[in-house]
Amino acid sequence: MRQNPASKLLAVFFPPRCVFCRAIIPSGESVCGWCQKKTVEPPPHFPMKDCFALYAYQKPVSDALKSFKTREQPAMARAFGGMMAARLSRTSATGPFDLATEVPMTLRDQRRRGFNQSQLLAKSVARALHIRHGCVLHKLRQTAPQHTLGRFERMRNVAGAFAVRKPEQVRGKRILLIDDIVTTGSTLRACRKALLEAGAELVVCMTAAASLPERYDP
Ligand SMILES: [Zn+2]
């Protein structure tokens, strides 16, 4: 892609860097060759149908996503969002989509953290796909951290925890639901259920990473 003089100058002072190791990389890329070799692409439809993840949750991806939760990093949101959008376009996901949204946090949690990392990803994916972003879901109650629970407790923990703010915003819409990490899919299932019950036509899930079981054999 040809760059205009302003963006050429910007690239001199702020060269593009690998989202994982910060090495300088060619413009238009997000990950250096070294880090790319270390990443693993999870199989499509893991852990459920119509769910896609960019990377397996292991180093260096896990380190990047942990740091993404600790402070707001627009450059990382842009890089991940761009890569997630690109991955979606070469999967069997049934696009095009009308709207991208995220797994919401409770107001209390979002105030405490200052941002919702999944919302930053959803906005960035929406921009890359040229679709609308909307905060259409809300979280009705506090839940225990999913990583502290087993599979069945996870399902119970999030059952009925999410609701659609205004059903008219999702009725008949093809929705892309974004989160940072998927493990068993309980949270995404609970959000998808709320969206479908409110009349969404289709809900496809996309995450930055998937926590694959140690002995996963697709
Ligand atoms: Zn790197």
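Counting in my numbering, the sequence shown runs from -19 upward without gaps.
Idealized CB from N, CA, C, for every residue including glycine.
The model shown is predicted, which means the values in this text are computed figures rather than measured ones.
Asked                                                                                                      : Found
Cys(-2) in three-state terms, based on DSSP                                                                : coil
DSSP-derived helix/strand/coil call for His110                                                             : coil
Exposed unless 16 or more other CB atoms sit within 10 angstroms - verdict on Val20                        : exposed
Proximity test, Cys115 beta-carbon vs ligand 1 heavy atom, cut-off 8 angstroms                             : no
Phe32 and Ala73 closer than 9 angstroms at C-beta                                                          : yes
Local conformation of Lys17 per DSSP, three classes                                                        : helix
Runs of alpha helix (DSSP H) wholly within the stretch 89 to 146 (minimum 4 residues, chain order)         : 97 to 109 and 131 to 138
Distance between Gly62 and Pro40 (C-alpha atoms, nearest Å)                                                : 18 angstroms
Three-state secondary structure assigned by DSSP to Met(-19)                                               : Residue placement at Met(-19) cannot be trusted, given a pLDDT of 49 that sits under 50; the coordinates are not used to answer.
For Ala(-14) and Pro198, the rounded distance between their alpha carbons                                  : No answer about Pro198 holds up, because its pLDDT of 48 lies below 50 and its placement is not dependable.
Any chain C beta carbon closer than 9 angstroms to Cys15                                                   : The structure shown has no chain C; it contains just one protein chain.
Close Cβ partners of Ile82 (< 6 angstroms) along its chain, the five nearest in sequence each way excluded : The sequence shown places Glu at residue 82, rather than the Ile named in the question. Within the same chain, Glu82 has close Cβ partners Ser98, Gln99, Ala102 and Ile158.
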